[in-house]
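Sequential numbering from 0 applies to the sequence shown in the numbering used here.
The block underneath contains the structure these notes are about, expressed in structure tokens.
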Amino acid sequence: MRALHDQKGVPGAQVWIYHHGLPVYHCLVGEEQEDTLHPLYSCTKPVTAVAAMQLVEQDTLRLDDPVETYLPEYGSAYILQDGRHVTVGGEMTVRHLLTMTAGLTYCVNTPAIRALQQACPEADTQQVVATFVQEPLSFRPGERFQYSLCHDALAAVVEVASGQRFSDYLADHVFAPLGMTESGFYLDEQRRRRLAPQYYVDEQGEVAKHAVDDIGHYRLTTRYESGGAGLFATAADYGRFAAAMSCGGTSPEGVRILRPETVDLMRQEHLSDYVMNNDFSCAAGEGYGYGLGVRTLVSKAAGQRSSLGEFGWDGAAGSYVLMDPTAEVAIVYTQQVLGWPQRFGCMHAPLRDLTYPALGL
Numbered sequence: 000m001r002a003l004h005d006q007k008g009v010p011g012a013q014v015w016i017y018h019h020g021l022p023v024y025h026c027l028v029g030e031e032q033e034d035t036l037h038p039l040y041s042c043t044k045p046v047t048a049v050a051a052m053q054l055v056e057q058d059t060l061r062l063d064d065p066v067e068t069y070l071p072e073y074g075s076a077y078i079l080q081d082g083r084h085v086t087v088g089g090e091m092t093v094r095h096l097l098t099m100t101a102g103l104t105y106c107v108n109t110p111a112i113r114a115l116q117q118a119c120p121e122a123d124t125q126q127v128v129a130t131f132v133q134e135p136l137s138f139r140p141g142e143r144f145q146y147s148l149c150h151d152a153l154a155a156v157v158e159v160a161s162g163q164r165f166s167d168y169l170a171d172h173v174f175a176p177l178g179m180t181e182s183g184f185y186l187d188e189q190r191r192r193r194l195a196p197q198y199y200v201d202e203q204g205e206v207a208k209h210a211v212d213d214i215g216h217y218r219l220t221t222r223y224e225s226g227g228a229g230l231f232a233t234a235a236d237y238g239r240f241a242a243a244m245s246c247g248g249t250s251p252e253g254v255r256i257l258r259p260e261t262v263d264l265m266r267q268e269h270l271s272d273y274v275m276n277n278d279f280s281c282a283a284g285e286g287y288g289y290g291l292g293v294r295t296l297v298s299k300a301a302g303q304r305s306s307l308g309e310f311g312w313d314g315a316a317g318s319y320v321l322m323d324p325t326a327e328v329a330i331v332y333t334q335q336v337l338g339w340p341q342r343f344g345c346m347h348a349p350l351r352d353l354t355y356p357a358l359g360l
């Protein structure tokens, strides 16, 4: 951690490590404070996946339900085939959203999105997500993996299936049960003052500060709640989520947010051939496959110290979460540098591989 700051130039960073659900190590460096709030960017994704899987447990949502059951506009999703519009929306399922095989892209600057932003700056999550299928899909649902806005669409599905706004659903069913008081989609003035300054890696490979410390370009409208990149949290608050998931979905206080068998289903590899066809690259290094909404370790050939089935994600500004139910280990790391892989390389893997021997594992 000191080397990341002193030698590599990370302005501030923080790590929490948990074993058997309890914090066993904490370190912060640079300008990071314990109460610093971070845009989690894609570390939002595991939380969204858990919300969806809670509804699957309740049979309110089914993995093989057509997405159009919840978002009718998705029935008209189409591909371009020899220049013709071919409607394929009826083939897209909730499972496709969770496995990022729905054919969506990660473009947040399409003509349809821009038109909605101009016409309705306060458009809600379902209105924004509906625009995703006004553009052609990249491929027929289920054909292959593509990193995309699938978790954002999944958030809208959770809204319809639960009858709650996505932020309210997370507050009631994830954050409040786990005592996560510093996580959410919106910042009041007091919390905005605790927001980490945002940096980026410039053309010379140096760390530079943004001219404006904004809250990220995935906040597409004032009411949009991005299931793929929209959450803010402190490292410790997000750690409560990671710790519970590393213990099979149950917090140290005995609060269960998912059943162990559901956690196991999430961390199974659900795209058995995508490691070979190289459609997925993982910032945590080689050996990872893809489960239901999360990366998952499928091979330890490179000497990884974590257990097979260890799962999690990382964020655009460098945040990282590892959850390992086999060893009951969780790691949460936060920083705030966009474009970090070019400057810092694969920094998450050393954090992972130093943790396990330090715990005697």
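Just so it is clear, CB atoms sit at the ideal spot from N, CA and C, and this is done for glycine as well.
Buried/exposed call for Leu21, threshold 16 Cβ in 10 Å: exposed
Reduced DSSP category for Val274 - H, G, I as helix; E, B as strand; rest coil: Below a pLDDT of 50, predicted positions are generally treated as unreliable, and Val274, at 48, falls in that range; the measurement from the model is reported next regardless. DSSP places Val274 in helix when its eight states are reduced to three.
One or two residues paired with Ile78 in a DSSP bridge: Bridge partners of Ile78: Val85.
Sequence-distant residues of its chain with Cβ nearer than 7 Å to Leu79 (five each side left out): Contacts found: Pro135.
Cα-Cα separation, Cys281 to Ser41: 12 Å
Three-state class that DSSP yields for Tyr24 in the structure shown: strand
Proximity test, Cβ basis, 8 Å: Ile112 and chain D: Checking the listed chains, one finds no chain D in this structure; it contains a single protein chain.
Per DSSP, cross-strand counterpart(s) of Ala232: Per the DSSP secondary-structure output, Ala232 pairs in a beta bridge with His37.
Where Arg191 falls, given that 16 or more other Cβ within 10 Å makes a residue buried: Around the CB of Arg191, fewer than 16 other CB atoms lie within 10 Å, so the residue is classed as exposed.
Identity of the residues DSSP links to Asp123 by a beta bridge: Beta-bridge partners assigned by DSSP to Asp123: Arg222.
Span of the alpha helix (DSSP H) around His269: Careful: His269 lies outside any alpha helix (DSSP H) and carries neither H nor E.
Host alpha helix (DSSP H) of Thr354 (start-end): His347 to Ala357
Extent of the continuous alpha helix (DSSP H) run through Ala160: Per DSSP, Ala160 is one residue of the alpha helix (DSSP H) stretching across Cys149 to Ser161.
Asp64 and Val87 closer than 8 Å at C-beta: no
Inter-residue Cα distance where the pair is Thr124 and Leu358: 42 Å
Extent of the continuous beta strand (DSSP E) to which Ile16 belongs: Gly11 to His18
Span of the beta strand (DSSP E) around Met322: Tyr319 to Asp323
Assumed close pair Gly288, Thr295 - CB separation to whole angstroms, cut-off 8 Å: Approximately 5 Å separates the beta-carbon atoms of Gly288 and Thr295; this is inside 8 Å, confirming the contact.
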